[in-house]
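Down below is the structure, laid out as structure tokens.
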Amino acid sequence: MQKHQVSNNTLTMFSASLKGISQVLLIENSVTGLIVLVAISIYSVPLSIITFISSLIGTVTAKIGGADEKLISQGLFSFNSTLSGLATVLFLEGNQRWIIALFSAVIAAIFTAGMMHLTKPFDVPSLTFPYIILTWFLLTASHRLQFFEAINSLVPQGLAYWHLDISGPIDFISGFTKSIGQIYFLDNIWSGLIILAGIFFASRRLGMLAIYATIISLLAAYYLGSERPLLSSGLYGYNAILTIFAVSDVFHNRKKLIPFTGLLAAVISVLITASLDSFLLPYGLPPLTMPFVLSTWLFLFARKLMPNL
Amino acid sequence: MQKHQVSNNTLTMFSASLKGISQVLLIENSVTGLIVLVAISIYSVPLSIITFISSLIGTVTAKIGGADEKLISQGLFSFNSTLSGLATVLFLEGNQRWIIALFSAVIAAIFTAGMMHLTKPFDVPSLTFPYIILTWFLLTASHRLQFFEAINSLVPQGLAYWHLDISGPIDFISGFTKSIGQIYFLDNIWSGLIILAGIFFASRRLGMLAIYATIISLLAAYYLGSERPLLSSGLYGYNAILTIFAVSDVFHNRKKLIPFTGLLAAVISVLITASLDSFLLPYGLPPLTMPFVLSTWLFLFARKLMPNL
Amino acid sequence: MQKHQVSNNTLTMFSASLKGISQVLLIENSVTGLIVLVAISIYSVPLSIITFISSLIGTVTAKIGGADEKLISQGLFSFNSTLSGLATVLFLEGNQRWIIALFSAVIAAIFTAGMMHLTKPFDVPSLTFPYIILTWFLLTASHRLQFFEAINSLVPQGLAYWHLDISGPIDFISGFTKSIGQIYFLDNIWSGLIILAGIFFASRRLGMLAIYATIISLLAAYYLGSERPLLSSGLYGYNAILTIFAVSDVFHNRKKLIPFTGLLAAVISVLITASLDSFLLPYGLPPLTMPFVLSTWLFLFARKLMPNL
Numbered sequence: 005m006q007k008h009q010v011s012n013n014t015l016t017m018f019s020a021s022l023k024g025i026s027q028v029l030l031i032e033n034s035v036t037g038l039i040v041l042v043a044i045s046i047y048s049v050p051l052s053i054i055t056f057i058s059s060l061i062g063t064v065t066a067k068i069g070g071a072d073e074k075l076i077s078q079g080l081f082s083f084n085s086t087l088s089g090l091a092t093v094l095f096l097e098g099n100q101r102w103i104i105a106l107f108s109a110v111i112a113a114i115f116t117a118g119m120m121h122l123t124k125p126f127d128v129p130s131l132t133f134p135y136i137i138l139t140w141f142l143l144t145a146s147h148r149l150q151f152f153e154a155i156n157s158l159v160p161q162g163l164a165y166w167h168l169d170i171s172g173p174i175d176f177i178s179g180f181t182k183s184i185g186q187i188y189f190l191d192n193i194w195s196g197l198i199i200l201a202g203i204f205f206a207s208r209r210l211g212m213l214a215i216y217a218t219i220i221s222l223l224a225a226y227y228l229g230s231e232r233p234l235l236s237s238g239l240y241g242y243n244a245i246l247t248i249f250a251v252s253d254v255f256h257n258r259k260k261l262i263p264f265t266g267l268l269a270a271v272i273s274v275l276i277t278a279s280l281d282s283f284l285l286p287y288g289l290p291p292l293t294m295p296f297v298l299s300t301w302l303f304l305f306a307r308k309l310m311p312n313l
Numbered sequence: 005m006q007k008h009q010v011s012n013n014t015l016t017m018f019s020a021s022l023k024g025i026s027q028v029l030l031i032e033n034s035v036t037g038l039i040v041l042v043a044i045s046i047y048s049v050p051l052s053i054i055t056f057i058s059s060l061i062g063t064v065t066a067k068i069g070g071a072d073e074k075l076i077s078q079g080l081f082s083f084n085s086t087l088s089g090l091a092t093v094l095f096l097e098g099n100q101r102w103i104i105a106l107f108s109a110v111i112a113a114i115f116t117a118g119m120m121h122l123t124k125p126f127d128v129p130s131l132t133f134p135y136i137i138l139t140w141f142l143l144t145a146s147h148r149l150q151f152f153e154a155i156n157s158l159v160p161q162g163l164a165y166w167h168l169d170i171s172g173p174i175d176f177i178s179g180f181t182k183s184i185g186q187i188y189f190l191d192n193i194w195s196g197l198i199i200l201a202g203i204f205f206a207s208r209r210l211g212m213l214a215i216y217a218t219i220i221s222l223l224a225a226y227y228l229g230s231e232r233p234l235l236s237s238g239l240y241g242y243n244a245i246l247t248i249f250a251v252s253d254v255f256h257n258r259k260k261l262i263p264f265t266g267l268l269a270a271v272i273s274v275l276i277t278a279s280l281d282s283f284l285l286p287y288g289l290p291p292l293t294m295p296f297v298l299s300t301w302l303f304l305f306a307r308k309l310m311p312n313l
Numbered sequence: 005m006q007k008h009q010v011s012n013n014t015l016t017m018f019s020a021s022l023k024g025i026s027q028v029l030l031i032e033n034s035v036t037g038l039i040v041l042v043a044i045s046i047y048s049v050p051l052s053i054i055t056f057i058s059s060l061i062g063t064v065t066a067k068i069g070g071a072d073e074k075l076i077s078q079g080l081f082s083f084n085s086t087l088s089g090l091a092t093v094l095f096l097e098g099n100q101r102w103i104i105a106l107f108s109a110v111i112a113a114i115f116t117a118g119m120m121h122l123t124k125p126f127d128v129p130s131l132t133f134p135y136i137i138l139t140w141f142l143l144t145a146s147h148r149l150q151f152f153e154a155i156n157s158l159v160p161q162g163l164a165y166w167h168l169d170i171s172g173p174i175d176f177i178s179g180f181t182k183s184i185g186q187i188y189f190l191d192n193i194w195s196g197l198i199i200l201a202g203i204f205f206a207s208r209r210l211g212m213l214a215i216y217a218t219i220i221s222l223l224a225a226y227y228l229g230s231e232r233p234l235l236s237s238g239l240y241g242y243n244a245i246l247t248i249f250a251v252s253d254v255f256h257n258r259k260k261l262i263p264f265t266g267l268l269a270a271v272i273s274v275l276i277t278a279s280l281d282s283f284l285l286p287y288g289l290p291p292l293t294m295p296f297v298l299s300t301w302l303f304l305f306a307r308k309l310m311p312n313l
């Protein structure tokens, strides 16, 4: 009996951790979580292992901390841990980064709890905000602590010395599939397609919205004159997908009168990506999913006073 | 009957949009809004047209979004749109900036609704915060998207390379009248005087406060050793006017015991202007009305626990 | 009778001001406040005078403003004034800085009231946040106003030109005692020891926690590879002390299940110090007690949903 309960408990933790991986996509589905792990494995097996462990650490931290069991089982305390573990391993160098990843997964879960309390009076979700701020702080610590070694591409540059150069070839096919992969930092066509399959598995509607958002964001980025390499790597697309998921489906009450707010929010995520890229340049930081968070918050907050949006 | 209603509706929208223009001054008065349009026309007729259209777009967006009719009719959903339309046209180049202005007017109204929800638990107005953040993001997108062409004077510069030089002549008369004009970005003496007339039309008390705040802010900026050209262009004054309006009149319950808090708030707006100019230098951004927002918030929040202020 | 009341009143104000000095340490104890004044006097007598006057100004401002008498008597409106007065005198040059210090003490008290209102819905204290933001703004104004002369060590530098150099000798004894002194900006071994005595006077438990936090933070900073001079000057330690006071004692309900959250929070304050040092480099600003505020908030907010933390 006791043993049965323990194994049940283990199963719940396991399921919550897989859901934590899928919740990055605002989807609560352990199979989708598993499909994402496969997509990450194609890119790198150690990366998929740290992804799962990070999510598990988030789950365990929430459990030890005494958080609400239902929220834990939905993966709501582990998706920020998932992303911070992933980001830490990808944006830092050296073997010690695996330890930092585990540490960041603990903090991400605690930060998530804090943000849930902060956003409660407004009845709006905190999304991936904790992971973003945490990752920016961890990466920026590298300038002052030798234990943190940031990868070379994260180089600070004064905006005064920046010249926009949008020349170069455009690869729309690559931009399309990588936009989906970039949700998990995967600059890889096949990983992107597998994640798309995972989205379709959970909800056909979300699958269609993902395709829709990617096309819209690519066209928006193209016509607004964005840098070609960023566009071709999917770096203008992943925030648009998450934004349209949040605004048009997940936090949508189906009574909205205006059909295109999700579309508008997706385009705004493209603009915010461009702005944040500029704001973060002097610190050499990537925008992560902040464009998604800001454009989603814009609409979720506004809907409280503009219910038709 | 139907037609009568429609025209009534149109009239309400028209009035709400004019009030949106006057609400920039924290004044709800359609005639003052009209007088401001005249003041802008002296500077540039196309600019006054885009100002009105921006305010109208704010009104229409709020209406379609299903916002509260009373708040709409008071112009509270359109003053941020007014300013973001104006700022976009003035700080960007190229014909496409007119389209960006209309787009920004839509977003400003949505952002205003969101901020109203965010500030509700605190019972403090969101002022022009939405327009400021929106404009900073739109201008900063110019470093990454060719569609956005910032004017040359918005040049990023590392604070390490900045040397304060306050030499040059001081023109107090210019500083005085332009302080009023700068509320609408008008670096023009006559426009300033007409706007002052519009303020007096709405409220003699506010007119006197405007004169008072301008003199105080010029003296403060002068004795604190500010750059002469900024002082002479009214760039240290417009925030002080708006601040004293907010703190000493509009959000003032007339039971306060301390008569000079508005004055103190106006001086603080001068200090915040200097600080923000420094903080924004690496991004080449103007402070807009953020000094007004911050110094007004400081006092409105504090009054909840210090009622005599 | 009247006279008696007045002197009583004066005594209350005096006691509230001494408590304001001790509240920097999250301790409400006028004797500890007095001991801190002695510690500051060893470093500089004028500095200890301005410290007391700043706290007194905070108390008086709150009283005139009509704030809650009980909160005033606990020193809760004066500890931000204490620190902003101290910081202003130490980070600015010229005789006019004494006037700026008095001015900043007034604003700090008003800002404290505002932050109390802002944090009320979350049931979390605002800590030293008002003083930090205020001081950052005052120091940054020096780039635009001649009246504000920042000391030479506050030099802005682009992060692109920064190279981490952790060479040099380590002085753990100095790092230990100065960590305590740096709470009040005192880069002095004896001052640190006297303040430690003041902490022990108020609470043996806090005294032990201070020693514990200092050792932990020195070890963390050492093993993470921080710059030796910062470590030896106690600049990695003072935030850890305040953080462990807040998380493990002052705002601790004694029903927590996990004994080491304070320890974890102290280590996080070391990381945040490193990150903030980097974020603030382009502005030449010191992190002040922001690492303490952020890591304490992280845990106090999270505890609302994770009660065991």
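Chains as they are written, first to last, in this note's numbering: chain R, 5 to 313; chain F, 5 to 313; chain H, 5 to 313. No residue lacks a Cβ here, since even glycine has one placed at the ideal position from N, Cα and C.
Assigned secondary structure, residue i (DSSP; H/G/I helix, E/B strand, else coil)
i, result
"A154 (chain H)", "strand"
"E231 (chain H)", "coil"
"E73 (chain H)", "helix"
"L275 (chain R)", "helix"
"I184 (chain F)", "helix"
Local Cβ density within 10 Å of residue i, reported as buried at 16 or more and exposed below that
i, result
"N84 (chain F)", "buried"
"K67 (chain F)", "buried"
"M120 (chain R)", "buried"
"M294 (chain R)", "buried"
"S171 (chain H)", "exposed"
"L15 (chain F)", "exposed"
"H167 (chain H)", "exposed"
"W301 (chain F)", "buried"
"R307 (chain H)", "buried"
beta-carbon residue i near the ligand MG non-hydrogen atom, thresh 7 Å
i, result
"L222 (chain F)", "Summarising the ligand content, the structure contains no ligands, and the ligand MG is consequently not present."
Any chain R beta carbon closer than 8 Å to residue i
i, result
"W166 (chain H)", "yes"
"I272 (chain H)", "yes"
"I170 (chain H)", "yes"
"G62 (chain F)", "no"
"A250 (chain H)", "no"
Interface flag, residue i vs chain F, CB-CB below 8 Å
i, result
"I174 (chain R)", "no"
"L122 (chain R)", "no"
"Y287 (chain H)", "yes"
"A244 (chain R)", "no"
"M294 (chain R)", "no"
"Q161 (chain H)", "yes"
Distance CB(residue i)-CB(residue j) smaller than 8 Å
i, j, result
"D253 (chain F)", "R208 (chain F)", "no"
"F189 (chain F)", "L90 (chain F)", "yes"
"A109 (chain R)", "M310 (chain H)", "no"
"Q186 (chain H)", "G98 (chain H)", "no"
"F81 (chain H)", "A113 (chain H)", "yes"
"G266 (chain H)", "L222 (chain H)", "no"
"L4 (chain H)", "A278 (chain F)", "The requested residue 4 (chain H) is not part of the displayed model; chain H covers only 5 to 313."
"S59 (chain H)", "I31 (chain H)", "no"
"T36 (chain H)", "I193 (chain H)", "no"
Bridge partner(s) assigned by DSSP for residue i
i, result
"E97 (chain H)", "H:E153"
Short CB-CB distance (under 8 Å) between residue i and chain H
i, result
"A117 (chain R)", "yes"
"K259 (chain F)", "no"
In chain order, what residues of the segment 140-151 of chain F put their CB closer than 7 Å to some CB of chain C?
Going by chain labels, chain C is absent from the structure shown, which instead holds the protein chains R, F and H.
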